[in-house]
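Structure first, then comments.
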């Protein structure tokens, strides 16, 4: 099973999406690359590949940020909140009313990717806000 | 007197408190954000100019955070090396980084010399790096930096001093708290949590990460005691243990493998403390080590060790004389009883209180190097009555130091003291 995560890699994001898997933490879940060695807030632009397994299923994960939308051999993961953080719109997870437009933009982006590539897209939308789910 | 200070960094309320603690200010004037974008994202640098007025000892100050503008305006100008690293995205935590320090020689010093050449400006260059090296000597500031620029460092003027170099205790101490990139501020409020804890695993612990020199020597001695433990926090890269020394690595593994005394840097999921950034290490220290023992032995830096172990060819002027790091600051903020490996650390803090006429209760152990008294300490811990009294006395001392220092930084600002006391007044100082 292959996952393409359309966000910049951090070891924290790995645990958020892929907790519960069998993985060699020390060797396969890196904490830094040359780019962010002195500043943990710098986005890691290079693709990070991690192998792990879950209930005897081998999994390969690629953190690819904006790349590889055309790959049709796996699932594409996109997270609304992580995208807001990466685009400097918020510092913390949490919903706020000024970001409605951004939700529309996100849906448009995902629809356009699907229309173009017909691939499997998984959309994470964990807001912690009950009323918003009606949208 | 009236003073105008231009701060050449992006504004944040945390930076205000770092530079300008101890002043008489309307808290509502210390704004949190300037527009919708930085209201919703505290990590965005505030590029807008922010102006704040306050009083300090009957003097009136107008402060402007101006970023990279107004370098030659009449008045005082403040430039801070660590803030510069944040502003330019070169570092995420405060802390010394020898790999990028050439920038000071190649860019910062020539630039500051250039903009400080006008007669009606006075420049103030902050270089607080928490590291044991003489930055003034290292960067040859005696010959490279304009003498009209004041240099502020965390090296205490003990072994050497320079005319335009100043030690600022209050700003150095506040540098550990604001900007709060490491989370050290949280230790102040952690005190209440620690006070309600009564299930410590061990009476005394010596927490270590890198084990070498006097730390290694002390750890080996401690392992022969009954009541003192050594805990080890690992690196994510084992080559960092001690320059790849296999004997030391084996020694660590053998003696800390038992239960809570080994903290694995890269645990699974929620137990993953992540990379070797300072804030990750500080969080690990708070949650894994402060609750392990009643008292911590801390390997706080003191130049005394370097000075006494110096070889004939070593140059005294190159030795770092900064006396406090996050090790003692975190413990003092949280009111955690400590025994530093050098008694000079105790004396350093007591001198600060003495100089500010603040009384304190006595530290209950007198020694030179703790190594000499480690078996006496073990005996104290072996007698319940004696131990309770000893811990209470340690607690009294750390409480008095904590309250004393907070009282100092809430009413005094060593940077502003330099400005208002400078003999040669900058021309912009004028009566209102």
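Residue numbers (my numbering), protein chains in the order written: chain U, 25 to 159; chain E, 652 to 1083.
Glycine residues also receive a C-beta, built at the ideal position from the N, C-alpha and C atoms.
As the structure is a computational prediction, the values presented were derived from the model and not from experiment.
Quiz item: Can you name, in chain order, every residue of its own chain whose Cβ lies under 7 Å from the Cβ of residue 140 of chain U, other than the five neighbours on each side?
Solution: For the purposes of this step, residue 140 of chain U is identified with residue 116 of the first chain, where counting begins at 1. Contacts found: none.
Quiz prompt | Spatial neighbours of residue 742 of chain E in its chain, beta-carbon cut-off 6 Å, leaving aside the 5 residues before and after | solution = Here residue 742 of chain E refers to the residue found at position 91 of the second chain. Hits under 6 Å: 736.
Quiz item: What residue from U:145, U:52 and U:44 has the CA that sits closest to residue 81 of chain U's CA?
Solution: Looking up residue 81 of chain U in the first chain gives position 57. Answer by Cα proximity: U:44.
Exercise. Pull up the DSSP beta-bridge partners for residue 46 of chain U, would you.
Key: If you number the first chain from 1, residue 46 of chain U lands on position 22. Looking at the DSSP assignment, residue 46 of chain U forms a beta bridge with U:77.
Quiz prompt | C-alpha distance - residue 816 of chain E paired with residue 662 of chain E, whole-angstrom precision | solution = Position 165 of the second chain, counted from the first residue, corresponds to residue 816 of chain E. Position 11 of the second chain, counted from the first residue, corresponds to residue 662 of chain E. The alpha-carbon atoms of residue 816 of chain E and residue 662 of chain E are separated by roughly 25 Å.
Quiz prompt | Neighbour list for residue 917 of chain E in chain U, Cβ cutoff strictly below 7 Å | solution = As a first step, residue 917 of chain E must be located in the second chain, where it is residue number 266. By Cβ distance, chain U contributes 49 and 50.
Exercise. Taking residue 741 of chain E as the query, report the chain U residues whose CB atoms sit under 8 Å from its CB, ordered along the chain.
Key: In the second chain, counting from the first residue as 1, residue 741 of chain E sits at position 90. Going along chain U in sequence order, the residues near residue 741 of chain E (Cβ under 8 Å) are 62 and 63.
Quiz prompt | Contact list for the stretch 674 to 697 of chain E against chain U, Cβ threshold 7 Å | solution = Within the stretch 674 to 697 of chain E, the qualifying residues are 687, 691, 692, 693, 694 and 695.
Quiz item: Hey, out of U:115, U:132, U:120 and U:100, whose CA is closest to residue 31 of chain U's CA?
Solution: Looking up residue 31 of chain U in the first chain gives position 7. Relative to residue 31 of chain U, the option among U:115, U:132, U:120 and U:100 whose CA is nearest is U:100.
Quiz item: Are at least three pairs of beta-carbons, each pair with one atom in the stretch 943 to 961 of chain E and one in the stretch 976 to 995 of chain E, less than 8 Å apart?
Solution: Contact between the stretch 943 to 961 of chain E and the stretch 976 to 995 of chain E is established, with three or more Cβ pairs separated by less than 8 Å.
Practice problem: Grab me the residues of residue 929 of chain E's own chain with a C-beta within less than 6 Å of its C-beta, minus the 5 sequence neighbours each way, in chain order. | Solution: As a working mapping, residue 929 of chain E is identified with position 278 in the second chain. Correct list, in chain order: 744, 746 and 833.
Practice problem: Would you mind working out which of E:768, E:714, E:848 and E:699 sits nearest residue 705 of chain E, comparing C-alpha positions? | Solution: Residue 705 of chain E sits at position 54 when you count from the first residue of the second chain. Closest by C-alpha distance to residue 705 of chain E, out of E:768, E:714, E:848 and E:699, is E:714.
Quiz item: Going along chain U in order, which residues have a C-beta closer than 8 Å to the C-beta of residue 887 of chain E?
Solution: Within the second chain, numbered from 1, the residue matching residue 887 of chain E stands at position 236. Going along chain U in sequence order, the residues near residue 887 of chain E (Cβ under 8 Å) are 50 and 55.
Quiz item: Quick one: Cα of residue 903 of chain E to Cα of residue 883 of chain E, how far?
Solution: Translated into positions along the second chain, residue 903 of chain E becomes position 252. Translated into positions along the second chain, residue 883 of chain E becomes position 232. Using only the alpha carbons, I get a separation of about 7 Å.
Quiz item: Going by alpha carbons, who is nearest to residue 53 of chain U out of E:918, E:812, E:1008 and E:936?
Solution: In the first chain, the residue the question calls residue 53 of chain U occupies position 29. Checking every option, the nearest Cα to that of residue 53 of chain U belongs to E:918.
Quiz item: Excluding the five sequence neighbours on either side, which residues of its own chain have a C-beta within less than 6 Å of the C-beta of residue 764 of chain E, listed in chain order?
Solution: Counting from one through the second chain, the residue named residue 764 of chain E turns up at place 113. Closer than 6 Å at Cβ, skipping near neighbours: 797.
Quiz item: What are the residues of the stretch 860 to 880 of chain E that lie near chain U, defined by any Cβ-Cβ distance shorter than 7 Å?
Solution: Residues passing the 7 Å Cβ filter: none.
Quiz item: From the beta carbon of residue 125 of chain U, is the nearest beta carbon of chain E less than 8 Å away?
Solution: Here residue 125 of chain U is taken as the residue at index 101 of the first chain, counted from 1. No - not a single Cβ of chain E is within 8 Å of the one on residue 125 of chain U.
Quiz item: Since residue 96 of chain U is in the beta strand (DSSP E), which residue starts that stretch and which ends it?
Solution: Walking along the first chain from the start, residue 96 of chain U turns up at place 72. Careful: residue 96 of chain U lies outside any beta strand (DSSP E) and carries neither H nor E.
Quiz item: Which runs of the beta strand (DSSP E), 3 residues or longer, sit entirely within the stretch 788 to 858 of chain E?
Solution: If we require 3 residues or more, the beta strand (DSSP E) runs fully inside the stretch 788 to 858 of chain E come out as 801 to 804 and 816 to 818.
Practice problem: Assign residue 938 of chain E to one of two classes, buried (16 or more other C-beta atoms within 10 Å of its C-beta) or exposed (fewer than that). | Solution: Mapped onto the second chain, residue 938 of chain E falls at position 287. That one is exposed.
Exercise. Below 8 Å CB to CB, which residues in the same chain sit around residue 813 of chain E once its five sequence neighbours on both sides are set aside?
Key: Working through the second chain from its first residue, we reach residue 813 of chain E at position 162. The residues are 787, 792, 793 and 802.
Practice problem: Run down chain U in chain order and give the residues with a C-beta less than 7 Å from the C-beta of residue 718 of chain E. | Solution: The residue you call residue 718 of chain E lines up with position 67 of the second chain. Correct list: empty, because the minimum Cβ distance to chain U is about 18 Å.
Quiz item: Does the Cβ of residue 48 of chain U have 16 or more other Cβ atoms within 10 Å, making it buried, or fewer, making it exposed?
Solution: Within the first chain, the letter at position 24 stands for residue 48 of chain U. With fewer than 16 Cβ atoms within 10 Å of its Cβ, residue 48 of chain U is classed as exposed.
Self-check item: Backbone CA spacing between residue 26 of chain U and residue 98 of chain U [nearest angstrom]
Solution: If you number the first chain from 1, residue 26 of chain U lands on position 2. If you number the first chain from 1, residue 98 of chain U lands on position 74. Residue 26 of chain U and residue 98 of chain U: Cα-Cα distance of roughly 5 Å.
Quiz item: Helix, strand or coil: which one does DSSP assign to residue 917 of chain E?
Solution: Taking the first residue of the second chain as position 1, residue 917 of chain E is located at position 266. In the structure shown, residue 917 of chain E sits in a strand (DSSP, three-state: E or B).
Quiz prompt | Nearest neighbour of residue 660 of chain E, chosen from E:948, E:851, E:719 and E:966 [CA to CA] | solution = Counting from 1 along the second chain, the entry for residue 660 of chain E is found at position 9. Ranking the options by Cα distance to residue 660 of chain E, first place goes to E:719.
Quiz item: What's the call for residue 1083 of chain E, buried or exposed, on a 16-neighbour Cβ count within 10 Å?
Solution: For the purposes of this step, residue 1083 of chain E is taken as residue 432 along the second chain, with counting starting at 1. Low confidence applies here, because residue 1083 of chain E scores a pLDDT of 33, under 50, leaving its location unreliable and the question unanswered by this model.
Practice problem: Note down, in chain order, every chain E residue with its Cβ under 7 Å from the Cβ of residue 119 of chain U. | Solution: The count along the first chain starts at 1 and reaches residue 119 of chain U at position 95. Those do not exist, as residue 119 of chain U stays about 11 Å from chain E at its closest Cβ, beyond 7 Å.
Quiz item: Quick one: Cα of residue 118 of chain U to Cα of residue 151 of chain U, how far?
Solution: Walking along the first chain from the start, residue 118 of chain U turns up at place 94. Walking along the first chain from the start, residue 151 of chain U turns up at place 127. Cα to Cα, residue 118 of chain U sits roughly 6 Å from residue 151 of chain U.
Practice problem: Measure from the C-beta of residue 31 of chain U to each C-beta in chain E and report whether the shortest distance is under 8 Å. | Solution: Residue mapping note: residue 31 of chain U aligns to position 7 of the first chain, counting from 1. Taking Cβ atoms only, chain E never reaches closer than 8 Å to residue 31 of chain U, which makes this a no.
Quiz item: Quick one: which chain E residues come within Cβ less than 7 Å of residue 100 of chain U?
Solution: For the purposes of this step, residue 100 of chain U is taken as residue 76 along the first chain, with counting starting at 1. In chain order: nothing, as chain E lies at least about 24 Å away.
Quiz prompt | Under 9 Å by beta carbon: chain E residues contacting residue 112 of chain U | solution = Here residue 112 of chain U refers to the residue found at position 88 of the first chain. The contacting residues are 688, 692, 694 and 695.
Quiz item: In three-state terms, what does DSSP make of residue 671 of chain E?
Solution: As a position in the second chain, residue 671 of chain E is number 20, starting the count at 1. Judged by DSSP in its simplified three-state form, residue 671 of chain E adopts helix.
Exercise. Starting from residue 944 of chain E, follow its DSSP beta bridges and name the residues at the other end.
Key: Residue mapping note: residue 944 of chain E aligns to position 293 of the second chain, counting from 1. E:853, per the DSSP bridge assignment.
Self-check item: Below-8 Å beta-carbon distance, residue 923 of chain E vs any chain U residue
Solution: The sequence position of residue 923 of chain E within the second chain is 272, counting from 1. Using beta-carbon distances, residue 923 of chain E counts as an interface residue toward chain U, with a partner under 8 Å.
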